[in-house]
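Novice: One structure, as structure tokens, below. Some questions next.
Residue numbers (our numbering): 3 to 415.
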């Protein structure tokens, strides 16, 4: 039984939603975020990445950074830019990108569901990022960015969404990147109760994006439980902000890899070591994989098409047959010495939204030596792996469009 709980959201004043809504904290580095917020004092990046308002020399994990985030969030509320709803509601949030729209229901998920694996995960988290988000939640006392959850399609849920989306949205704006964002407030108790009941009949939810945020919400929620001698289980800290999307509407893009060096190998040695497991063909221009088992490789200003051997692609293990897992097991670990991609400083990851030109740029600049363009993981693969209790290789999925921060804020008390 999965929890979908209404809550009293703090939301932007409708005329300010476009100014406040921002990309998630983890898709921009600090320098990029500083550029983005120039001339945008209301941007929620001031809350999600508050180091942008402090000395660039300051460590991004300094206590002053989180205090600045709290200050910036309080200012948005005190000035009336963010307004609390009078009653607990649920919400509908739509994103339109490249002519495709996905509709998600906004509510609160349960810390207990996360602990008990009703909310399933498909990636391990990195400790440094987990600790960062824990500090952010503790100090701001808020979940300021939603967790991206998915579930197996449900016709009854779809019917309610299809009816609500015919109404005029409360917020409707197009962001600077061309993505349209709309939101509706679902106030009718009958709708809220029906949706709550339908999700209660849902066996599992899946973390699509936001593993670090959901882990932090769980950790801080459990801390609050232990610290409260009168803990009952219905306190707000037992729940966290989430948007629930049906799996069929989601779009996963490629998540590509860049490696600093060839681990002491010459170009010829490296190519020779690839041949036992891959068919290699030089490609004229960029090579974007169009099917499972294909990987694009960019090195020495040339693109190559790598095709994994059939026995690797047809592996019965749902994790081992993923393209990112094949690359990790057959190339990154044994040839390039990337034993743990979560901690190695010799590898970087680039979401497909940046395009293959970003891979070329970073290799041609000398910053990196080789880049790998991956075929995207599917939503069904994600769910099958989570159902099997297995974990994907880090950075296996890149979802687009990203949920905007600042459109909904949930406080822990």
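Just so it is clear, CB atoms sit at the ideal spot from N, CA and C, and this is done for glycine as well.
#1: How many Å lie between residue 43 and residue 297 at the Cα?
#2: Looking at the unbroken beta strand (DSSP E) that takes in residue 111, where does it start and where does it end?
#3: Quick check: what's the CA-CA separation for residue 278 versus residue 357?
#4: Report yes or no: do three or more beta-carbon pairs, one from the region 62-82 and one from the region 200-215, lie closer than 8 Å?
#5: According to DSSP, is residue 16 helix, strand or coil?
#6: Counting along the chain, where does the beta strand (DSSP E) carrying residue 85 start and finish?
#7: Rounded to whole angstroms, what is the Cα-Cα separation between residue 194 and residue 92?
#8: Which partner residues of residue 267 appear in the DSSP bridge assignment?
#9: Closest to residue 415 by C-alpha separation, out of 216, 57, 308, 11, would be which residue?
#10: Could you tell me which residues DSSP puts in a beta bridge with residue 174?
#11: Return the CA-CA distance between residue 13 and residue 147, expressed in angstroms with no decimal places.
#12: Among 162, 133, 369, whose alpha-carbon lies nearest the alpha-carbon of residue 264?
#13: Quick one: grab the DSSP three-state call for residue 392.
#14: Let me know if residue 238 comes out buried or exposed under the rule of 16 or more other beta-carbons within 10 Å of its beta-carbon.
#15: Taking 7 Å as the cut-off, decide whether the C-beta atoms of residue 309 and residue 295 are in contact.
#16: Pick from 159, 343, 126: whose alpha carbon is nearest that of residue 392?
#17: Just to confirm the assignment, what range does the alpha helix (DSSP H) spanning residue 288 have?
#18: Only counting the same chain, and skipping five residues up and downstream in sequence, which positions put a Cβ closer than 8 Å to that of residue 401?
#19: Pick helix, strand or coil for residue 99, following the three-state DSSP scheme.
#20: One question on the structure: do residue 388 and residue 124 come within less than 7 Å of each other, judged by their Cβ atoms?
#21: Within 10 angstroms of the Cβ of residue 164, are there 16 or more other Cβ atoms? Answer buried if so, exposed if not.
#22: Restricting to Cα atoms, I'd like to know which of 258, 225, 23, 62 is closest to residue 140.
Specialist: Taking the structure as given:
#1: Position 41 of the chain shown, counting from 1, holds the residue named residue 43. Position 295 of the chain shown, counting from 1, holds the residue named residue 297. Using only the alpha carbons, I get a separation of about 42 Å.
#2: Numbered from its first residue, the chain shown carries residue 111 at position 109. Looking at the DSSP string, the run of the beta strand (DSSP E) that includes residue 111 is 102-112.
#3: Position 276 of the chain shown holds residue 278. Position 355 of the chain shown holds residue 357. Straight-line Cα distance between these residues: approximately 29 Å.
#4: Contact fails: fewer than three Cβ-Cβ distances are below 8 Å.
#5: The count along the chain shown starts at 1 and reaches residue 16 at position 14. It is helical.
#6: For the purposes of this step, residue 85 is taken as residue 83 along the chain shown, with counting starting at 1. For residue 85, the uninterrupted beta strand (DSSP E) segment begins and ends at 84-86.
#7: The residue you call residue 194 lines up with position 192 of the chain shown. The residue you call residue 92 lines up with position 90 of the chain shown. Roughly 7 Å between the two C-alpha positions.
#8: As a working note, residue 267 is residue 265 in the chain shown. In the DSSP assignment, residue 267 is bridged to no other residue.
#9: Residue mapping note: residue 415 aligns to position 413 of the chain shown, counting from 1. Ranking the options by Cα distance to residue 415, first place goes to 11.
#10: For this step, residue 174 is matched to residue 172 along the chain shown. Answer is 184, bridged to residue 174.
#11: Counted from its first residue, the chain shown places residue 13 at position 11. Counted from its first residue, the chain shown places residue 147 at position 145. Each residue's CA atom was taken as its position, placing residue 13 and residue 147 some 12 Å apart.
#12: Taking the first residue of the chain shown as position 1, residue 264 is located at position 262. It is 369.
#13: Taking the first residue of the chain shown as 1, we reach residue 392 at position 390. Correct three-state label for residue 392: coil.
#14: For the purposes of this step, residue 238 is identified with residue 236 of the chain shown, where counting begins at 1. Buried, since its Cβ has 16 or more Cβ neighbours within 10 Å.
#15: For the purposes of this step, residue 309 is identified with residue 307 of the chain shown, where counting begins at 1. For the purposes of this step, residue 295 is identified with residue 293 of the chain shown, where counting begins at 1. Result yes, Cβ atoms of residue 309 and residue 295 sit closer than 7 Å.
#16: In the chain shown, the residue the question calls residue 392 occupies position 390. The candidate whose alpha carbon is nearest that of residue 392 is 126.
#17: Working through the chain shown from its first residue, we reach residue 288 at position 286. That residue, residue 288, is in no alpha helix (DSSP H); it is neither H nor E in DSSP.
#18: Counted from its first residue, the chain shown places residue 401 at position 399. The residues are 150, 210, 211, 252, 253, 254, 255.
#19: Translated into the one-based positions of the chain shown, residue 99 becomes position 97. Strand, per DSSP.
#20: Locating residue 388 in the chain shown gives position 386, where the first residue counts as 1. Locating residue 124 in the chain shown gives position 122, where the first residue counts as 1. A contact, by the Cβ cut-off of 7 Å.
#21: Against the chain shown, residue 164 aligns to sequence position 162. Result: exposed.
#22: One-based indexing of the chain shown puts residue 140 at position 138. Ranking 258, 225, 23, 62 by Cα distance to residue 140 puts 225 first.
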